[in-house]
Each structure stands twice: as structure tokens, then as C-alpha cells.
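Read in order, the letters of the sequence shown are residues 537 to 805 in the working numbering.
Ideal Cβ placement from N, Cα and C applies to all residues, glycine included.
Before any comments, here is the structure.
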Amino acid sequence: VVLWHGMGDSCCQPESMGKVTEFIRSRLPGIYVHSIRTADDESADRKSSFFGSVNDQVDKVCRQLQAIPELRGGFNAIGFSQGGLFMRGYVQRCNQPPVHSLVTFGSPHMGVAEVPGCQGQNTLWCSLMRSIVRGQAYSYWAQHNVVQAQYLKLLGKMDEYLESSQFLADVNNEREAKNATYAEQLSKLERLVLVRFTNDTMVTPSATSWFGYYDQNGDAVLPMDKQPIYTDDWIGLRKLDQADRIVFKETEGQHVSSNSDDTFQTFFI
Numbered sequence: 537v538v539l540w541h542g543m544g545d546s547c548c549q550p551e552s553m554g555k556v557t558e559f560i561r562s563r564l565p566g567i568y569v570h571s572i573r574t575a576d577d578e579s580a581d582r583k584s585s586f587f588g589s590v591n592d593q594v595d596k597v598c599r600q601l602q603a604i605p606e607l608r609g610g611f612n613a614i615g616f617s618q619g620g621l622f623m624r625g626y627v628q629r630c631n632q633p634p635v636h637s638l639v640t641f642g643s644p645h646m647g648v649a650e651v652p653g654c655q656g657q658n659t660l661w662c663s664l665m666r667s668i669v670r671g672q673a674y675s676y677w678a679q680h681n682v683v684q685a686q687y688l689k690l691l692g693k694m695d696e697y698l699e700s701s702q703f704l705a706d707v708n709n710e711r712e713a714k715n716a717t718y719a720e721q722l723s724k725l726e727r728l729v730l731v732r733f734t735n736d737t738m739v740t741p742s743a744t745s746w747f748g749y750y751d752q753n754g755d756a757v758l759p760m761d762k763q764p765i766y767t768d769d770w771i772g773l774r775k776l777d778q779a780d781r782i783v784f785k786e787t788e789g790q791h792v793s794s795n796s797d798d799t800f801q802t803f804f805i
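Following this line, the structure appears as C-alpha cells:
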């Protein structure tokens with residue numbers, strides 16, 4: 537099993553990924569568990585969840601996993617928050633060794649339209665952050681150095697997004713030139729489990745965890761099967777769905793906040 541942590545976390549934090557690792561080992565004795573790190577130590581790994589190039593991080597993980605003998609036959613993967621999105625990037629871009637099943641918890645697969653934690657909030661902090669984000673998110677510097685900017689999909693700025701997005705627009709095959717390998721690789725999954733949190737305010741809209749997103753006017757959230765990424769099968773979602781290999785799960789609570797026992801007994805492969 538391979539784990540990819542979320543924003544503000546690290547590969548080996550005892551109270552997060554360390555706890556998850558021990559939980560899996562206790563339920564499946566003898567299983568090999570690898571927790572991805574994108575930097576040399578725990579502190580730098582946590583920092584890399586905020587700063588750096590996501591493309592470079594995915595490339596690094598491709599090399600990292602290829603070098604682990606225990607994974608040569610393939611593995612099951614679990615991604616938490618942005619780690620689930622990045623793990624999907626691994627599947628689509630390299631997938632050697634291959635992922636059999638992918639579980640993502642609260643992952644922003646269709647991007648986010650709001651500053652994390654500011655949904656419905658009009659505080660001075662949120663107002664300031666919105667102003668900064670709308671003005672700078674698609675700048676060259678932000679798109680190459682700020683991790684969260686690389687999956688930001690702001691309403692009313694689609695042209696800028698498609699032109700400048702360094703990660704999400706590519707991995708979702710949203711540009712005119714499509715990468716057929718992405719659909720080919722993702723559709724090889726035996727199972728894709730998408731977990732959404734009912735009270736999630738960290739990813740907006742929360743339906744992004746199920747490949748849902750706002751319509752062009754921002755008036756309504758359209759589900760996955762109403763999105764072009766699905767109807768035109770840009771990344772293989774429709775093929776997976778028609779083969780009954782996508783599982784939608786919903787759990788109560790805030791962003792990636794469920795008790796580990798309850799969560800993994802329900803969703804673990």
C-alpha cells in the first residue's frame with residue numbers, strides 16, 4: 537500500500553500518516569506500506585506540501601516508487617486531500633509500478649474555487665486572501681512555486697486558467713490538445729474510490745472530491761456525469777464508470793476528519 541499525505545502534513549508524522557500506517561499494518565499483518573515523501577526530511581516534506589512544483593513532485597514520486605522492490609508487482613494507493621489528486625497524476629503519467637486500486641479522501645479532482653477554509657466567510661483575512669489569490673494565482677511564479685495555486689480553478693478566469701495552469705488543466709486533459717495516455721492509464725484501475733466529506737469547507741465545492749464542479753456561471757454544481765471530462769471521456773472516467781469501477785462514498789465531518797477505525801473499515805481496499 538502506498539500513501540500520499542495532504543497539505544500541511546508529512547510522510548511520517550506520528551499522529552497522521554504514522555497512525556494510518558500502523559493501522560493498516562495491524563489489520564493486514566505483513567503488508568508493505570510506503571508513505572510518500574517529496575523532500576529529504578520530515579520538515580522539508582511538510583514544506584513541500586505548500587511550496588514547489590507539483591509536476592516535479594509527481595516526477596520524483598515516479599522515480600521513488602520505481603526504486604522500491606516490494607512494489608514491482610503493483611500496489612493499492614490511498615491519497616489524502618491534495619495527495620489523492622497527485623496520486624492520480626502518478627497513475628496517468630507513469631504508473632510503473634501500476635496502481636491496482638486508488639482511494640482518495642476529500643481530494644480536489646476538479647480543482648478548488650475558494651481559499652481553503654473561507655467558504656461562506658467574509659472575514660478580513662478571507663477577503664485579503666481572495667484579493668491576493670485572484671490577482672496572483674495564475675502568475676508564472678505562483679504556478680511554479682505555490683502548490684495550491686496549481687489546482688486552483690477560479691470562476692470567471694477560465695481563459696487564464698487554461699493558459700497558465702501548470703498541473704490541473706493538464707492532468708484533467710482540459711486543453712484542446714489531449715493526451716490519450718491519461719485516459720488509457722486511468723481506465724486500467726481495478727477500482728477508483730472517491731470519498732467526500734459532508735461538511736468539507738477546505739475544498740470548494742466539496743463535490744470536487746466526486747469530480748463535480750460549478751457550471752460556467754457559478755450558479756450550480758454539476759455532478760461528474762454532466763462534466764465534459766466525463767461526457768467526452770478526457771481521462772477515462774466514463775470508461776471506468778460504465779465498467780462499475782468507480783465507487784462514491786460520503787462520510788460525515790470536516791475535511792479528512794474521520795476516525796481512522798471507522799474510515800478504513802468502511803473504505804479500505
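So, helix, strand or coil for residue i, using DSSP?
i, result
"E606", "helix"
"F586", "coil"
"N795", "Only weak support exists for where N795 lies, its pLDDT of 46 falling under 50; the value from the coordinates is given anyway. The answer is coil: DSSP assigns N795 none of H, G, I, E or B."
"G615", "strand"
"W770", "coil"
"Y697", "helix"
"R666", "helix"
"F703", "coil"
"F747", "coil"
"S546", "coil"
"S723", "coil"
"V627", "helix"
"V648", "strand"
"V597", "helix"
Along the alpha helix (DSSP H) that carries residue i, what are the first and last residues, could you check?
i, result
"H680", "Y676 to N681"
"V815", "This structure leaves residue 815 out entirely; the chain is present only between 537 and 805."
"V537", "Careful: V537 lies outside any alpha helix (DSSP H) and carries neither H nor E."
"E712", "Element bounds for E712: n/a, residue is neither H nor E."
So residue i is in the beta strand (DSSP E); what residue range does that whole segment cover?
i, result
"K785", "I782 to T787"
"L638", "V635 to F641"
"L688", "L688 -> no beta strand (DSSP E), and no H or E assigned at all."
"L730", "R727 to F733"
Use the C-beta contact count for residue i: other C-beta atoms within 10 angstroms, 16 or more gives buried, fewer gives exposed.
i, result
"K689", "buried"
"Y676", "exposed"
"G588", "buried"
"P565", "exposed"
"F611", "buried"
"M760", "buried"
"R732", "buried"
"S723", "buried"
"K555", "exposed"
"G656", "exposed"
"V538", "buried"
"E710", "buried"
Report back the beta-carbon spacing between residue i and residue j to the nearest angstrom; my notes put them in contact at under 8 angstroms.
i, j, result
"S617", "S579", "Wrong, their Cβ atoms sit about 19 angstroms apart, outside the cutoff."
"H680", "G619", "Wrong, their Cβ atoms sit about 20 angstroms apart, outside the cutoff."
"W770", "A705", "Not quite, the Cβ-Cβ distance comes to about 11 angstroms (not below 8 angstroms), so this is no contact."
Could you check which residue in the options has the C-alpha nearest to that of residue i?
i, options, result
"G653", "T737, Q778, M646 and Y568", "T737"
"K693", "V757, Q602, Y750 and T787", "Y750"
"M623", "V594, T744 and R727", "V594"
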